[in-house]
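For reference, the structure discussed in these notes is given below.
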Amino acid sequence: MAATTPTATRCGCARPRDCVDRRTGRYLTAVYWLAAGEDRSRVSTGAVSDRLGVTPATVTETFAELAAADLLNYEKHAGVRLTERGRAVAGELAYRQCVVRTFFAAELGVEFGADEGYQFGYVLPESGVETLRARVDHAPGDCRDTATDTDCLCEARAN
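All letters in the sequence shown, in the order written, are residues 1 to 159 by full-length UniProt numbering.
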């Protein structure tokens with residue numbers, strides 16, 4: 001069953017690029033998946049650095065930008081935690097990533113990594129994401145974040 005809740009009611013953005021650019025969205029999504037794997041605890045700069053293949057200094061700089069935009073709470077040496085708004089935006093981006101990866105795997109037999117799923121999901125319009133979602137009978141366990149072995153939280157979007 002396809003989710004029908006408009007994006008704007010979930011994160012306040014009609015499209016992901018209305019809230020974050022593609023680069024900073026990757027950081028939010030990384031924090032989202034890593035925090036989900038750790039039961040919403042703080043996520044370290046090092047964990048995000050390892051996941052995204054960037055330097056810790058780059059992560060720290062991006063965390064400062066995201067904190068200024070009220071998307072996460074950052075404490076030096078303590079890591080980050082998504083704000084309510086940050087969790088909504090990151091959840092939308094993770095949902096899109098998950099739907100795209102699930103569709104390609106289930107319908108086309110093509111599997112690719114989280115980064116590629118994120119890239120596709122970020123640029124697809126809402127109608128495209130919902131079309132893909134409607135094509136697969138998607139349950140939360142059908143998609144996992146392979147870096148953290150965390151279940152995809154796609155069904156949470158419909159709530």
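A virtual CB, placed ideally from N, CA and C, is assigned to each residue, including glycine.
Nothing here was measured: the structure is a model prediction, and the numbers come from that model.
Query	Result
Helix, strand or coil at R81 according to DSSP, with G and I counted as helix	strand
Nearest-angstrom Cβ-Cβ length linking R90 and V31, presumed shorter than 8 Å	Just to set this straight, residue 90 is Ala in the shown sequence, not Arg. Between V31 and A90 the Cβ distance is about 7 Å, and since that is below 8 Å, they are a contact.
The stretch 41 to 53 / the stretch 68 to 82 touching (three or more Cβ pairs under 8 Å)	yes
Rounded Cβ spacing between L28 and G86 (contact assumed at less than 8 Å)	6 Å
Collapsed DSSP secondary structure at V54 in the structure displayed	coil
Host beta strand (DSSP E) of E75 (start-end)	L72 to E75
Identity of the residue in G117, A134, R133 and D21 nearest L66 by Cα	D21
Secondary structure of V110, DSSP reduced to three states	coil
Coarse secondary structure for V31, derived from DSSP in three states	helix
CB contact flag (C101, E111, <9 Å)	Sequence check: residue 101 is Arg here, not Cys. Yes, these two residues count as a Cβ contact at 9 Å.
Rounded C-alpha distance that separates A57 from A68	17 Å
DSSP-derived helix/strand/coil call for V43	strand
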